[in-house]
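A.B. asks:
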Amino acid sequence: KEIFLKDYKLPDYYFDTVDLKFSLGEEKTIVSSKIAVFPRIDGSTSPLVLVGQDLKLLSIKVNNKELKEGDYHLDARRLTLVSPPSGAFTLEIDNEIYPHKNTSLEGLYKSSGNFCTQCEAEGFRKITYYQDRPDIMAKYTCRIEADKSLYPVLLSNGNLIEQGDLEGGKHYVLWEDPFKKPCYLFALVGGQLESRDDTFTTRSGRKVSLRIWTPAQDLPKTAHAMYSLKAAMKWDEDVFGLEYDLDLFNIVAVPDFNMGAMENKSLNIFNSKLVLASPETATDADYAAILGVIGHEYFHNWTGNRVTCRDWFQLSLKEGLTVFRDQEFSSDMGSRTVKRIADVSRLRNFQYPQDAGPMAHPVRPHSYIKMDNFYTVTVYEKGAEVVRMYKTLLGSQGFRKGMDLYFQRHDGQAVTCEDFFAAMRDANGADFCNFLLWYSQAGTPSVKVISSYNADAHTFSLKFSQDVPPTPGQPVKEPMFIPVAVGLLDSSGKEMPLTSVYHNGALQSLASNGGPVYSTVLRVTKREEEFVLSDINERPIPSLLRNFSAPIRLETDLTDSDLFFLLAHDSDEFNRWEAGQVLARKLMLSLVSDFQQSKPLVLNQKFVHGLRSMLCDSSLDKEFISKAITLPGEGEIMDMMDIADPDAVHAVRTFIRKQLAQELKTELLSTIESNRSSDEYVFDHPSMARRALKNIALAYLAALEDPELTELALCEYRNATNMTEQFAALAAIAQNPGQNRDDVLADFYKKWQHDFLVVNKWFALQAMSDVPGNVENVRKLLNHPAFDLRNPNKVYSLVGGFCGSPVNFHSKDGSGYKFLGELVVQLDKINPQVASRMVSAFSRWRRYDETRQKLAKAQLEMIMSTNGLSENVFEIASKSLAA
Ligand code: ARG
Ligand code: ZN
Numbered sequence: 095k096e097i098f099l100k101d102y103k104l105p106d107y108y109f110d111t112v113d114l115k116f117s118l119g120e121e122k123t124i125v126s127s128k129i130a131v132f133p134r135i136d137g138s139t140s141p142l143v144l145v146g147q148d149l150k151l152l153s154i155k156v157n158n159k160e161l162k163e164g165d166y167h168l169d170a171r172r173l174t175l176v177s178p179p180s181g182a183f184t185l186e187i188d189n190e191i192y193p194h195k196n197t198s199l200e201g202l203y204k205s206s207g208n209f210c211t212q213c214e215a216e217g218f219r220k221i222t223y224y225q226d227r228p229d230i231m232a233k234y235t236c237r238i239e240a241d242k243s244l245y246p247v248l249l250s251n252g253n254l255i256e257q258g259d260l261e262g263g264k265h266y267v268l269w270e271d272p273f274k275k276p277c278y279l280f281a282l283v284g285g286q287l288e289s290r291d292d293t294f295t296t297r298s299g300r301k302v303s304l305r306i307w308t309p310a311q312d313l314p315k316t317a318h319a320m321y322s323l324k325a326a327m328k329w330d331e332d333v334f335g336l337e338y339d340l341d342l343f344n345i346v347a348v349p350d351f352n353m354g355a356m357e358n359k360s361l362n363i364f365n366s367k368l369v370l371a372s373p374e375t376a377t378d379a380d381y382a383a384i385l386g387v388i389g390h391e392y393f394h395n396w397t398g399n400r401v402t403c404r405d406w407f408q409l410s411l412k413e414g415l416t417v418f419r420d421q422e423f424s425s426d427m428g429s430r431t432v433k434r435i436a437d438v439s440r441l442r443n444f445q446y447p448q449d450a451g452p453m454a455h456p457v458r459p460h461s462y463i464k465m466d467n468f469y470t471v472t473v474y475e476k477g478a479e480v481v482r483m484y485k486t487l488l489g490s491q492g493f494r495k496g497m498d499l500y501f502q503r504h505d506g507q508a509v510t511c512e513d514f515f516a517a518m519r520d521a522n523g524a525d526f527c528n529f530l531l532w533y534s535q536a537g538t539p540s541v542k543v544i545s546s547y548n549a550d551a552h553t554f555s556l557k558f559s560q561d562v563p564p565t566p567g568q569p570v571k572e573p574m575f576i577p578v579a580v581g582l583l584d585s586s587g588k589e590m591p592l593t594s595v596y597h598n599g600a601l602q603s604l605a606s607n608g609g610p611v612y613s614t615v616l617r618v619t620k621r622e623e624e625f626v627l628s629d630i631n632e633r634p635i636p637s638l639l640r641n642f643s644a645p646i647r648l649e650t651d652l653t654d655s656d657l658f659f660l661l662a663h664d665s666d667e668f669n670r671w672e673a674g675q676v677l678a679r680k681l682m683l684s685l686v687s688d689f690q691q692s693k694p695l696v697l698n699q700k701f702v703h704g705l706r707s708m709l710c711d712s713s714l715d716k717e718f719i720s721k722a723i724t725l726p727g728e729g730e731i732m733d734m735m736d737i738a739d740p741d742a743v744h745a746v747r748t749f750i751r752k753q754l755a756q757e758l759k760t761e762l763l764s765t766i767e768s769n770r771s772s773d774e775y776v777f778d779h780p781s782m783a784r785r786a787l788k789n790i791a792l793a794y795l796a797a798l799e800d801p802e803l804t805e806l807a808l809c810e811y812r813n814a815t816n817m818t819e820q821f822a823a824l825a826a827i828a829q830n831p832g833q834n835r836d837d838v839l840a841d842f843y844k845k846w847q848h849d850f851l852v853v854n855k856w857f858a859l860q861a862m863s864d865v866p867g868n869v870e871n872v873r874k875l876l877n878h879p880a881f882d883l884r885n886p887n888k889v890y891s892l893v894g895g896f897c898g899s900p901v902n903f904h905s906k907d908g909s910g911y912k913f914l915g916e917l918v919v920q921l922d923k924i925n926p927q928v929a930s931r932m933v934s935a936f937s938r939w940r941r942y943d944e945t946r947q948k949l950a951k952a953q954l955e956m957i958m959s960t961n962g963l964s965e966n967v968f969e970i971a972s973k974s975l976a977a
């Protein structure tokens, strides 16, 4: 059943307090809830509809009186009180659930013998009958009873107010959360866990106990998570003035988790891979992900929990904003430019394709069948770009004013994206014209800009035209409000002062506090629009969309030599990188067309020279260099073609990589030499940057399949003292099929088989491989003793990894499609959320040639015809076929 935003209705009843009791057992768990209900409109007696799924109802009482059949209706998904008393009343429900059988990993389930919960978005209904919607905010208590030796630790939200022993080897705890919350933030954990303890004192003097819970043997690996948590708490105080609001903050790591982590009030639950790290077992990328996600979930305490969403269509209100906040946090902890580059790459590689495919949806979707399918890169990452545009338009201080007003107005409420917009606008008296379209129109806007210099008038004109492509359900679009940050470079590469701009028949001064500015934000709001900058004394080279000021596709009239100039001189480091990427994209596309016409491939020497000078520029940040010499991904290039050709794109990217490695061999070798270090592993920007540069140099060189260079990689592999360098060497060697590859993969497994997180990396590396015919290896790995279809991380590594190799997944014989089709059907019976994420790999099947289209479509149809298909997979598969 499809649910629409336009059908939102206020609830007829609210809940004031909710007292939950859990009796955790091996065969079944008994849940009792006691809810203080009151009608929204005094005296109304409309039916009260509760939802529940996979529950066994034991009893139901209203004001202490047991209801009989007929007083209520019960079907597979709903429990309806036909005529509740008028006025406030008490509702008591007892039901049974079966956590050990719950493989969907939503609601209450068991993971490695421990109980845990995941309620967002609509998992609370798998625990008890409830109005499972975020605008029902109540104060909770939670009493948990369980066997004391099996489940010595029993956690829930808020403060522990009572605990004690019971007969039969049991014990109990009572938790009370003083803050009102929607049920999706409820959490419970029970098991044999130990904690790393620390404290954080807030700036107003509250001493907060911090505890990170894991099985005992993993405790040493929680140091970085604890460091990240304290850094996040401090950062939110410094940057947003936001303090933690309870005396206890718990984080629990569980190995079986559908997503990354969950921000339950004062009891965050995390996928283990985003908590556990040691230098020997986790890479720099893992360390950075942990920092970002620990920050993300902590920041939700204000943006999500204190102020929550009115309904699930508003998801980006909390997620877009919180992703923006975690991006800013990571930027401040490391390199701002490098973080921006990474975030923009992610947007381009994953969000742009979604926005151009059958699952395209606005940042605030208009409808859904399963909300879980809308925890997407569009809601999260494009949503974060939308928040970033407010900041670009208002400046840091204006943005902060907007945030302050947002909390002042809405603390304790469940609100909408318009409420956030209004706070930003009102706090600054800003004119945001049609900015709200960013929430309602799907599709990536395409912007063209044509520049011209008038030497007599000393003016420089920028003519913009924009177009938003049609998306499912939205054939025609309005022009959007696009902030375009611009600067101009003179012929020596220096920034030119900007004094005034002529626009819409008016001359506007740009000078601030009397001084000139060197960068300004143009507000493009129409389908076609011209801006004329005055007092420009020579023909400039424009640096456009600085720091990626809007999530658009930009097409400029910059020549290759302009782009090489920007690559060398732009003061906006993001745009320096971008200039290199634009050049690389152009180059790759033209080589793809040569390849398709069987012409010989030749690499442009200016490009080689451009990368050489980046590689050798010791004034540049090393991590920036490593990004600058990384070619755009295959997906990004296929995305720009009329008919995506995975074989051609792969051949071209491989050709350029080898060619670069050959021509830059000396420089790459000395890069490796000079970036070795025997220092102990530290997670800081200089060390990570050093490792990043060394590792990419090694990857390039190993691509040459030269025995000497392979020996070098093997040497790096053997001598590595941390996972970042060891895994990079392994990956470098494993690029090429052969005995070395097989040996080193076997060696790595032998070394790390006891560590499931490292084994997942090993699965992913093999799954993502472009070696020909890899589908057979992946099929074999499905039967590897370490693999388990019930564990989402393993599925993401092996199956998700495989879909990440375009040559193998889109293999023309259909073997990749067949593999995924069969797997989705099997997986859907175990875990629909994970199956639905996997089936998304099919969604862009129309982008390929006819042969591939037929093969992929056949798999989607096979999936659709499966009996008992979940709503999750149904939604993605049917939309993919329809569009
Ligand atoms: N709110 C969580 C986060 O982003 C994610 C929850 C995902 N839940 C889901 N059903 N997909 O921090
Ligand atoms: Zn989130």
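Going by the UniProt record's numbering, the first residue of the sequence shown is number 95, and it counts up by one from there. The beta carbon of each residue, even a glycine, is placed where N, CA and C say it ideally should be.
Measure from the alpha carbon of Thr653 to the alpha carbon of each residue in Asn358, Gly674, Gln568 and Pro645, then state which is nearest.
C.D. replies: Gly674
A.B. asks: Looking at the strands, I want to know which residues DSSP matches up with Lys128.
C.D. replies: Asp113 and Glu186
A.B. asks: Short of 6 Å in beta carbon distance, which residues of its chain neighbour Leu287, apart from the five on each side in sequence? Order them along the chain.
C.D. replies: Val247 and Trp307
A.B. asks: My output table needs one value for Phe98: the three-state DSSP class, helix, strand or coil.
C.D. replies: Strand.
A.B. asks: Once you ignore the five residues that flank Asp380 on each side, which residues in its own chain have a CB closer than 6 Å to its CB?
C.D. replies: Ala371
A.B. asks: If you follow the beta strand (DSSP E) that Trp307 is in, where does it begin and where does it stop?
C.D. replies: Lys301 to Thr308
A.B. asks: Given a cut-off of 8 Å on the beta-carbon distance, is the pair Phe218 and Asp226 in contact?
C.D. replies: yes
A.B. asks: When you compare the CB positions of Ala791 and Thr815, do they come within less than 8 Å of one another, or not?
C.D. replies: For Ala791 and Thr815, no; Cβs fall outside 8 Å.
A.B. asks: Using the beta-carbon count (16 or more within 10 Å), is Arg134 buried or exposed?
C.D. replies: Exposed is the call here.
A.B. asks: In the DSSP assignment, find the unbroken alpha helix (DSSP H) run with Glu805 in it and report its ends.
C.D. replies: Pro801 to Asn813
A.B. asks: What would DSSP say about Gly477, mapped onto helix, strand or coil?
C.D. replies: helix
A.B. asks: Spatial neighbours of Phe468 within its chain, please: C-beta separation below 6 Å, excluding the five flanking residues on both sides.
C.D. replies: Pro459 and Tyr462
A.B. asks: If contacts are defined as beta-carbon pairs under 8 Å, then Lys122 and Tyr192 qualify, I think. What distance do you get, rounded to the angstrom?
C.D. replies: About 6 Å separates the two Cβ atoms, so the contact holds.
A.B. asks: Among the residues of its own chain, which have a CB less than 8 Å from the CB of Asn548, if the five just before and after it don't count?
C.D. replies: Phe554 and Ser555
A.B. asks: For Pro634 versus Ser937, is the C-beta distance shorter than 8 Å?
C.D. replies: no
A.B. asks: Looking at the secondary structure, which residues open and close the beta strand (DSSP E) in which Cys511 lies?
C.D. replies: Premise fails: Cys511 lies in the alpha helix (DSSP H), Cys511 to Asn522, not in any beta strand (DSSP E).
A.B. asks: Just how far apart, CA to CA, sit Ser127 and Lys155?
C.D. replies: 10 Å
A.B. asks: Return the chain-ordered list of same chain residues with a C-beta closer than 7 Å to the C-beta of Lys855, the five sequence neighbours on each side being excluded.
C.D. replies: Phe821
A.B. asks: Could you tell me the distance, in whole angstroms, from the CA atom of Ser930 to the CA atom of Cys897?
C.D. replies: Their Cα atoms are separated by approximately 14 Å.
A.B. asks: Any heavy atom of ligand 2 closer than 7 Å to the CB of Glu357?
C.D. replies: yes
A.B. asks: According to DSSP, what are the bridge partners of Leu824?
C.D. replies: In DSSP, Leu824 forms no bridge with anything.
A.B. asks: I want to check one thing, is the minimum distance from the CB of Glu413 to the heavy atoms of ligand 2 below 7 Å?
C.D. replies: yes
A.B. asks: Could you check which residue in Gly581, Lys233 and Gly285 has the C-alpha nearest to that of Ala347?
C.D. replies: Gly285
A.B. asks: Hey, Leu142 and Leu104: beta-carbon distance below 8 Å or not?
C.D. replies: no
A.B. asks: Are the CB atoms of Arg946 and residue 48 within a distance shorter than 8 Å?
C.D. replies: Residue 48 is absent from the structure shown; the chain starts at 95 and stops at 977.
A.B. asks: Buried or exposed: where does Glu261 fall if 16 or more other Cβ atoms within 10 Å of its Cβ makes it buried?
C.D. replies: exposed
A.B. asks: By the 10 Å Cβ neighbour count, where 16 or more other Cβ atoms means buried, how is Val570 classified, buried or exposed?
C.D. replies: An exposed status is given to Val570, since fewer than 16 other beta-carbon atoms sit within 10 Å of its beta-carbon.
A.B. asks: Is Thr416 near ligand 2, with its Cβ less than 7 Å from a heavy atom?
C.D. replies: yes
A.B. asks: What are the residues that DSSP puts in a beta bridge with Val611?
C.D. replies: Leu592
A.B. asks: List the endpoints of the continuous alpha helix (DSSP H) containing Arg931.
C.D. replies: Pro926 to Val933
A.B. asks: Which residue wins for smallest C-alpha separation from Ala150, given the options Asp136, Phe364 and Arg172?
C.D. replies: The question names Ala, but residue 150 in the sequence shown is Lys. The shortest Cα separation from Lys150 among Asp136, Phe364 and Arg172 belongs to Arg172.
A.B. asks: Regarding Asn352 and ligand 1, is the C-beta to nearest heavy atom distance less than 7 Å?
C.D. replies: yes
A.B. asks: Please name the residue, chosen from Ala319, Glu337 and His318, that lies closest to Met327 on a Cα-to-Cα basis.
C.D. replies: Glu337
A.B. asks: Could you tell me the alpha carbon to alpha carbon distance between Tyr890 and Phe351, rounded to whole angstroms?
C.D. replies: 11 Å
A.B. asks: Would the C-beta of His394 count as close to ligand 2, meaning under 7 Å from any of its heavy atoms?
C.D. replies: Relative to ligand 2, the beta carbon of His394 is positioned inside 7 Å of a heavy atom.
A.B. asks: Can you name the start and end residues of the beta strand (DSSP E) that Gln560 belongs to?
C.D. replies: Thr553 to Asp561
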